[in-house]
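Participant: Next up is a structure, given as structure tokens.
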Amino acid sequence: MLTDIHCHILDGIDDGAKDLQESLEMARIALQHGTHRIVATPHFFEGCITPRDLLQEKVELLQQELDRQEIAVKISTGHEVRLESAAFIQDHLQKESFFYLNAADSFVLLEQRWDRYCPDTEEVLDWFLKRGTTPIIPHPERHFFFRDDPELLSRLIAQGAWTQVSVDSLLGTNGAEAQAFGRQLIERNEVHTLASDAHNIVRKPNLSEGIRLVGEWAGPARVQEITERSHRVVE
Ligand SMILES: [Fe+2]
Numbered sequence: 001m002l003t004d005i006h007c008h009i010l011d012g013i014d015d016g017a018k019d020l021q022e023s024l025e026m027a028r029i030a031l032q033h034g035t036h037r038i039v040a041t042p043h044f045f046e047g048c049i050t051p052r053d054l055l056q057e058k059v060e061l062l063q064q065e066l067d068r069q070e071i072a073v074k075i076s077t078g079h080e081v082r083l084e085s086a087a088f089i090q091d092h093l094q095k096e097s098f099f100y101l102n103a104a105d106s107f108v109l110l111e112q113r114w115d116r117y118c119p120d121t122e123e124v125l126d127w128f129l130k131r132g133t134t135p136i137i138p139h140p141e142r143h144f145f146f147r148d149d150p151e152l153l154s155r156l157i158a159q160g161a162w163t164q165v166s167v168d169s170l171l172g173t174n175g176a177e178a179q180a181f182g183r184q185l186i187e188r189n190e191v192h193t194l195a196s197d198a199h200n201i202v203r204k205p206n207l208s209e210g211i212r213l214v215g216e217w218a219g220p221a222r223v224q225e226i227t228e229r230s231h232r233v234v235e
């Protein structure tokens, strides 16, 4: 049984599922991969901010349909919050405008921008950690600044952040560099969680394929650690 903590399964919000049918199809694919729990994590950045109540409604609607069709997948609310700047995060922390990965607010998916490393990262990590929230950095293997300077990522981990590597990176779909760095992170034991970051039925929720590779590269004990951490995130 697997938990996917990063998935764009909700329709009509961002560049994820295009309609409810696709959301349902993604859930069916997830189930074939042994995934029973999915945190819906739409993008949250300047210009793409979906109100929490709309997201909550979308999750309830999808869950109703999953239950009606007897697809044994449980969906919950989350966000993929982009670290635009300290001011951006502070503003939305105060307004409580984004979802954490669980109701206890103990984990948040906190992604970097694509064009440059956010210089406020350590300060923002500190805010979250002091509030009892562990920030999870999604797909570090896809960011050039972490690939160029792996020690930068190691320092954030030492500070208390977790990482989430994406299955598609391990499969090579995100390019050779992301694949090589993703594998390196697994070998260095710097991967806390694995997730699909699925967006549709092509870029799909294929979690078990990544879990299989972790088993090949790091052994069954590591597989257990990684899968159990994702369960803990949604508890
Ligand atoms: Fe994502």
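For the sequence shown, UniProt numbering gives the first residue as 1, with consecutive numbering after it.
Using N, Cα and C, we set each Cβ at its ideal position, and we do this for glycine too.
Here the structure is a predicted model, which is why all the values come from computation and not from measurement.
Does any heavy atom of ligand 1 sit closer than 6 Å to the C-beta of residue 197?
Facilitator: Yes, ligand 1 has a heavy atom inside 6 Å of this Cβ.
Participant: Looking at the structure shown, is residue 199 part of a helix, part of a strand, or coil, going by DSSP?
Facilitator: Reduced to three states, the DSSP call for residue 199 is coil.
Participant: Whose C-alpha, out of 192, 71, 41 and 120, is nearest the C-alpha of residue 100?
Facilitator: It is 41 whose Cα lies nearest to the Cα of residue 100.
Participant: When you compare the CB positions of residue 34 and residue 208, do they come within less than 7 Å of one another, or not?
Facilitator: Contact flag set, yes.
Participant: Would you kindly report the start and end of the unbroken beta strand (DSSP E) that includes residue 4?
Facilitator: 2-7 is the span of the beta strand (DSSP E), which, as asked, contains residue 4.
Participant: Examine the Cβ distances between the region 92-111 and the region 128-143 and report whether three or more of them are shorter than 8 Å.
Facilitator: Judged by Cβ distances under 8 Å, the region 92-111 makes contact with the region 128-143, as three or more pairs qualify.
Participant: Could you compute how far the alpha carbon of residue 29 sits from the alpha carbon of residue 64?
Facilitator: Cα to Cα, residue 29 sits roughly 18 Å from residue 64.
Participant: Tell me whether residue 80 is buried or exposed, calling it buried when 16 or more other Cβ atoms sit within 10 Å of its Cβ.
Facilitator: With 16 or more Cβ atoms within 10 Å of its Cβ, residue 80 is classed as buried.
Participant: Between the Cα of residue 62 and those of 10, 45, 31 and 88, spot the shortest distance and give me the residue it belongs to.
Facilitator: Measuring from the Cα of residue 62, the nearest candidate turns out to be 10.
Participant: Rounded to the nearest angstrom, what separates residue 45 and residue 158 at their Cα positions?
Facilitator: Roughly 26 Å between the two C-alpha positions.
Participant: Suppose contacts are defined by Cβ-Cβ distances below 7 Å. Is residue 147 in contact with residue 98 by that definition?
Facilitator: Cβ distance not < 7 Å, so residue 147 and residue 98 don't count as in contact.
Participant: Which residue from 142, 198, 192 and 118 puts its Cα closest to that of residue 7?
Facilitator: Answer by Cα proximity: 198.
Participant: Can you check whether the CB of residue 160 is closer than 7 Å to the CB of residue 129?
Facilitator: Yes.
Participant: Can you tell which of 5, 25, 31 and 55 has the C-alpha that lies nearest to the C-alpha of residue 14?
Facilitator: Among 5, 25, 31 and 55, the Cα nearest to that of residue 14 belongs to 55.
Participant: Quick check: the Cα distance between residue 43 and residue 114, rounded to an integer number of angstroms?
Facilitator: In a straight line, the C-alpha of residue 43 is about 13 Å away from that of residue 114.
Participant: So which of 201, 170 and 200 has the shortest CA-CA distance to residue 186?
Facilitator: Among 201, 170 and 200, the Cα nearest to that of residue 186 is on 170.
Participant: For ligand 1, is there any heavy atom lying closer than 6 Å to the beta carbon of residue 80?
Facilitator: Result yes, Cβ under 6 Å from ligand 1.
Participant: Looking at C-alpha atoms only, which residue of 168, 188 and 16 is the closest neighbour of residue 179?
Facilitator: The option with the nearest alpha carbon to residue 179 is 168.
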